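Numbering (the numbering used here), first residue to last: 35 to 302.
We put the CB at the ideal spot given by N, CA and C, even for glycine.
Since we're looking at a predicted model, the values are computed, not measured.
These notes are about the structure you will find just below.
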């Protein structure tokens with residue numbers, strides 16, 4: 035099992051398991067989630083449980099002088115199945131008022147090898163500053179040009195949750211991973227009934243096109259199933275990569291506070 039590649043995907047499940055300008059939303063539009071929300075997922079690789087992923091919307095905080103909500107995804111491998119020990123943590127810094135991200139931090143611990151990556155959106159909104167470092171090595175710094183309104187995969191997923199989903203709706207968002215830029219496209223294909231560990235749910239089956247590359251090159255489009263209620267919680271993700279099939283299924287969910295309450299607490 036290519037644990038590093040598989041769990042790089044799992045860590046991005048912060049949503050899982052999509053550009054502020056393209057969304058054309060009102061600044062106060064954040065109906066689907068809020069600080070305190072937490073979702074737990076079981077991650078399967080080739081049909082076998084490989085570990086877990088937890089996605090949490092943290093309390094309002096300051097990052098680089100701006101008010102943000104940290105969206106934290108933690109992925110852990112299951113020691114019982116004999117894969118490399120994995121614990122990855124990915125934090126996306128979400129600006130609720132503008133439906134955008136200002137950067138992210140990745141801390142990866144995979145088979146005893148540690149590495150980190152920081153991405154910071156620059157003031158011009160059209161470039162990012164990237165720092166990558168492997169344990170025992172000096173950090174490597176670089177800059178990259180991006181499209182205005184670019185998000186990371188986590189921010190894109192949460193941005194999509196705030197949209198009005200309906201069968202036939204299509205969305206596209208510029209995404210930067212730290213190494214690659216691409217346009218993520220999503221289309222709501224159907225409304226279905228799905229059995230989950232949270233009970234039977236009405237869900238929107240959404241086809242997602244992405245271009246991760248490498249071992250995460252898609253053999254077919256991904257499918258994400260969002261609940262049909264206003265929270266649009268991702269309850270299942272299906273992806274078939276060159277490394278194999280990965281499925282994430284929700285096992286527990288706790289809702290967060292509303293936008294109004296969160297804004298009041300952060301002084302907004």
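- Message: Pairs of beta-carbons, one from the segment 185 to 195 and one from the segment 162 to 170, closer than 8 angstroms: are there three or more?
- Response: no
- Message: Would residue 217 and residue 203 be called neighbours here (beta carbons separated by less than 8 angstroms)?
- Response: no
- Mind checking which residues open and close the beta strand (DSSP E) that includes residue 80? Counting along the chain, residue 80 falls outside any beta strand (DSSP E), and DSSP gives it neither H nor E.
- Residue interval of the beta strand (DSSP E) (run including residue 109): 100 to 111
- Item | Same chain only: Cβ atoms within 7 angstroms of residue 61, ignoring 5 sequence neighbours per side | At residue 61 the pLDDT is 36, less than 50, meaning the model places this residue with poor confidence; the figure from the coordinates comes in the next sentence. Hits under 7 angstroms: 131 and 132.
- Message: Assuming residue 192 is part of the beta strand (DSSP E), what are its boundary residues?
- Response: Element bounds for residue 192: not the beta strand (DSSP E) but the alpha helix (DSSP H), 187 to 195.
- Please state whether DSSP places residue 227 in a helix, a strand or coil. strand
- Beta-carbon contacts of residue 137 that lie in its chain and below 6 angstroms, excluding the five residues immediately before and after: 127, 153, 154 and 155
- Helix or strand or just coil, what does DSSP make of residue 276? coil
- Task: Would you kindly check if the distance between the Cβ of residue 83 and the Cβ of residue 15 is under 8 angstroms?
- Result: Because residue 15 is not part of the residues shown, which for the chain are 35 to 302, the question remains open.
- Task: Could you spell out the range, first to last residue, of the beta strand (DSSP E) harbouring residue 142?
- Result: 134 to 144
- For the beta strand (DSSP E) containing residue 161, list its first residue and its last residue. 161 to 168
- Message: Tell me which residues share the same chain as residue 70 and place their Cβ nearer than 6 angstroms to its Cβ, disregarding the 5 neighbours each side in the sequence.
- Response: 290 and 291
- Using beta-carbon positions only, say whether residue 287 and residue 258 come within less than 8 angstroms of one another. no
- State yes or no: is the C-beta of residue 240 within less than 8 angstroms of the C-beta of residue 223? yes
- Message: What would DSSP say about residue 156, mapped onto helix, strand or coil?
- Response: coil
- Message: Tell me the rounded alpha-carbon separation between residue 171 and residue 150.
- Response: 11 angstroms
- Query: Secondary structure at residue 60, three-state DSSP: helix, strand or coil?
  - Reply: No answer about residue 60 holds up, because its pLDDT of 34 lies below 50 and its placement is not dependable.
- Item | Secondary structure of residue 250, DSSP reduced to three states | A caution first: residue 250 carries a pLDDT of 47, below 50, which makes its placement in the model unreliable, though a value can still be read off. Residue 250: helix per DSSP, three-state reduction.
- Leaving out the 5 sequence neighbours to the left and right, which residues in its chain are closer than 7 angstroms to residue 160 when beta-carbon positions are compared? Cβ neighbours of residue 160 beyond the five flanking positions: 179, 180 and 182.
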